[in-house]
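Number of protein chains: 2
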Amino acid sequence: MSATEGVRARARREITEAIKGEARRQLAEEGGAKLSLRAVARELGMASSAVYRYFPSRDDLLTALIIDAYDSLGAAAEGAESEVAAASDATALSRWIAVCEAVRGWALTHPHEYALIYGTPVPGYRAPRTTVPAAARVGLLLIGIARDAHRGPAGLSRTPLPEGLRPEAVRMTADLAPDLPPEAVVALVAAWSELFGLIGFEVFGQFHQVVEDRAAFFRHAAARLAHEVGIAFPGAAPDA
Amino acid sequence: MSATEGVRARARREITEAIKGEARRQLAEEGGAKLSLRAVARELGMASSAVYRYFPSRDDLLTALIIDAYDSLGAAAEGAESEVAAASDATALSRWIAVCEAVRGWALTHPHEYALIYGTPVPGYRAPRTTVPAAARVGLLLIGIARDAHRGPAGLSRTPLPEGLRPEAVRMTADLAPDLPPEAVVALVAAWSELFGLIGFEVFGQFHQVVEDRAAFFRHAAARLAHEVGIAFPGAAPDA
DNA sequence: CCCAAGCGAGAGCACCGCTCTCATTTTCCG
DNA sequence: CGGAAAATGAGAGCGGTGCTCTCGCTTGGG
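One line per chain: the protein sequences are A and B, in this order.
240 is the number that full-length UniProt numbering gives the last residue of the first sequence; the numbers go up by one with no jumps.
240 is the number that full-length UniProt numbering gives the last residue of the second sequence; the numbers go up by one with no jumps.
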């Protein structure tokens, strides 16, 4: 463990990163389905077999890109949230909407990477344990905002739960946010998945010739999701 | 144009159907990404080149399967709706939930076909005009239920629209359901996409270790979506 | 210093989508 | 009815893919 950390170790990190970089480039151009290990190697001027020293298979390369994408999305969301939170007039609602719009913005900017993480799972079924922390970042952000709103004067969701859902709601609450009321946790998880329904439909073109002013539509829908969770500021309209 | 419609025309229809059937089989086993024209041909005992007489390319085969999937889903939803609607105690809410649960049930039964139509678009970007009518069936069903609720005594969504969204809301209303209030149309489109957010997260495993009693959770979420659209029956709880 | 481990390159396997040619069969029309 | 035209199937072949294996070269640790 010398100061240089070894010439080879350094080279390995750099080449690994170069492969991912080139793969990301091809991903952005053609989409995950067309990503070719050989093409990446060709572009990097190395034999295709050499790439296998760094990624055991094409799917492992994809998995690495998936983790990076989750992290990139998470960072974008967290950055937007903390920026809004720093403002003096920050509210739980404004922070919620900031996160939603950051996720949407990232998805529209990186559609193929979005497809990789929230579209069809690439092979049969794959979600290596390693992706879990990165994947959870957006969800945790939303939970945090709900928690702050819950601590505030306005409280949270009031929609009562049906009897049949109560045990599950209690279980989910214990797992995700023990300090929140079960009604809010259920609403939060629903809003979380619904958020990606809105974004997915936009990214995958389902809103084509249905919704035109998608930014305004999304902002409204995001505000309504916040309202569903019970995030609102005392006595004001649901939108900005 | 004899009574038999020609031996060849009949054979063509049958072989086309056989190819789609075998392709659907492989789709269910391995997913759309791995669907191989050669494998289909091999399984059917014909030369791979012969398949091209029926489908000009692999993507065209996929497109045919996509249209069939949309139709299969649409039929399932319509069947469930009309069955519930025939009951004497049918309400707009019960019909709404029936459609939502039918879509969910179909998606869970046909995950790969669901992925084909609501997951990542398979090639670069593809949505031939021919898929539009089939794709619209579920949306039209939901609009129809909202319309009936609107005609009923309870009315529909009351959430006011922000100023910025009003022009778009009016435009959407003119396109989709001129007889409904714009507030309801906006809520309807949002609920439509959010519905597929819920289902997509479940089918693609995002609820893994988050939601366990997914049927109960979904039923509740679907009821809340109905409530958001303004579909409810006079003076009752939001759930069944 | 020397040997094991890491690494790159090349050849090769089996598969893929797709094209082209050629023989056979069915259909249509004079 | 018979011959031209169209539809169909088989086979070979092209360029591409993921992946494996072997062979030399380089690097690093004992």
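Built from N, CA and C at the ideal position, the CB exists for glycine as well.
Rounding to the nearest angstrom, what Cα-Cα distance links residue i and residue j in this structure?
| i | j | result |
| --- | --- | --- |
| alanine 107 of chain A | histidine 150 of chain B | 35 Å |
| proline 160 of chain A | arginine 95 of chain B | 21 Å |
| leucine 180 of chain B | arginine 12 of chain B | 46 Å |
| glutamate 22 of chain B | threonine 109 of chain B | 18 Å |
| glycine 164 of chain B | phenylalanine 218 of chain A | 12 Å |
| alanine 226 of chain A | lysine 34 of chain B | 40 Å |
| glycine 139 of chain A | arginine 58 of chain B | 38 Å |
| isoleucine 97 of chain A | alanine 80 of chain A | 10 Å |
| alanine 50 of chain B | alanine 223 of chain A | 54 Å |
| alanine 115 of chain A | valine 99 of chain B | 27 Å |
| glutamate 17 of chain A | proline 56 of chain A | 15 Å |
| leucine 44 of chain B | arginine 10 of chain B | 17 Å |
| valine 185 of chain A | alanine 169 of chain A | 7 Å |
| arginine 214 of chain A | phenylalanine 196 of chain B | 17 Å |
| valine 40 of chain B | lysine 20 of chain B | 9 Å |
| threonine 173 of chain A | arginine 166 of chain A | 10 Å |
| glutamate 228 of chain A | alanine 221 of chain B | 11 Å |
Excluding the 5 residues flanking residue i on each side, which residues of the same chain have their C-beta closer than 8 Å to its C-beta?
| i | result |
| --- | --- |
| arginine 42 of chain B | Ser48 |
| tyrosine 125 of chain A | Below a pLDDT of 50, predicted positions are generally treated as unreliable, and tyrosine 125 of chain A, at 43, falls in that range; the measurement from the model is reported next regardless. None. |
| alanine 90 of chain B | Val84 |
| tyrosine 70 of chain A | Ile117, Thr131, Ala134, Ala135, Arg137 |
| isoleucine 175 of chain B | A small correction: the amino acid at residue 175 of chain B is aspartate; isoleucine does not occupy that position in the sequence shown. Cβ neighbours of aspartate 175 of chain B beyond the five flanking positions: none. |
| phenylalanine 201 of chain A | Phe207 |
| glycine 6 of chain B | none |
Just to make sure I have the definition right: I need the residues of chain A whose C-beta is within less than 9 Å of the C-beta of residue i. Which are they?
| i | result |
| --- | --- |
| glycine 79 of chain B | Near glycine 79 of chain B there are no residues of chain A at all, since even the closest Cβ is about 23 Å away, more than 9 Å. |
In chain A, which residues lie less than 7 Å from residue i when you measure between Cβ atoms?
| i | result |
| --- | --- |
| glutamate 194 of chain B | Glu194, Gly197, Leu198 |
| arginine 38 of chain B | Near arginine 38 of chain B there are no residues of chain A at all, since even the closest Cβ is about 17 Å away, more than 7 Å. |
| glutamate 168 of chain B | Glu212, Asp213, Ala216, Phe217 |
| alanine 115 of chain B | Thr120 |
Near residue i, which residues of its chain fall below 7 Å by C-beta distance, leaving aside the five closest residues on each side in sequence?
| i | result |
| --- | --- |
| isoleucine 15 of chain B | Tyr54 |
| arginine 8 of chain A | none |
| arginine 38 of chain B | Ser48 |
| histidine 112 of chain A | Leu27, Ala28, Gly31, Gly32 |
| arginine 24 of chain A | Leu65 |
Is it the case that the Cβ atoms of residue i and residue j are separated by a distance below 8 Å?
| i | j | result |
| --- | --- | --- |
| leucine 27 of chain A | leucine 73 of chain A | no |
| glycine 32 of chain B | leucine 61 of chain B | no |
| arginine 158 of chain B | glutamate 183 of chain B | yes |
| valine 122 of chain B | isoleucine 199 of chain B | no |
| glycine 230 of chain A | alanine 187 of chain A | yes |
| glutamate 78 of chain A | leucine 141 of chain A | yes |
| alanine 190 of chain A | arginine 147 of chain A | no |
| arginine 129 of chain B | glutamate 212 of chain A | no |
| alanine 216 of chain A | leucine 93 of chain A | no |
Name the chain B residues that come within less than 8 Å of residue i, Cβ to Cβ?
| i | result |
| --- | --- |
| arginine 224 of chain A | Thr159, Ala187, Ala190, Glu228 |
| alanine 33 of chain A | Ala33, Thr120, Val122, Pro123 |
Who are the neighbours of residue i on chain B, taking C-beta pairs under 7 Å?
| i | result |
| --- | --- |
| methionine 46 of chain A | Those do not exist, as methionine 46 of chain A stays about 26 Å from chain B at its closest Cβ, beyond 7 Å. |
Which bits of chain B does residue i rub up against, with CB to CB less than 9 Å?
| i | result |
| --- | --- |
| arginine 171 of chain A | Glu212, Asp213 |
| leucine 165 of chain A | Asp213, Ala216, Phe217, Arg219, His220, Asp239 |
Apart from the five residues just before and just after residue i, which ones in its own chain have a Cβ nearer than 6 Å to its Cβ?
| i | result |
| --- | --- |
| isoleucine 67 of chain B | Thr131, Ala134 |
How do the segment 197 to 217 of chain B and the segment 203 to 221 of chain A stand: do at least 3 beta-carbon pairs fall below 8 Å, yes or no?
no
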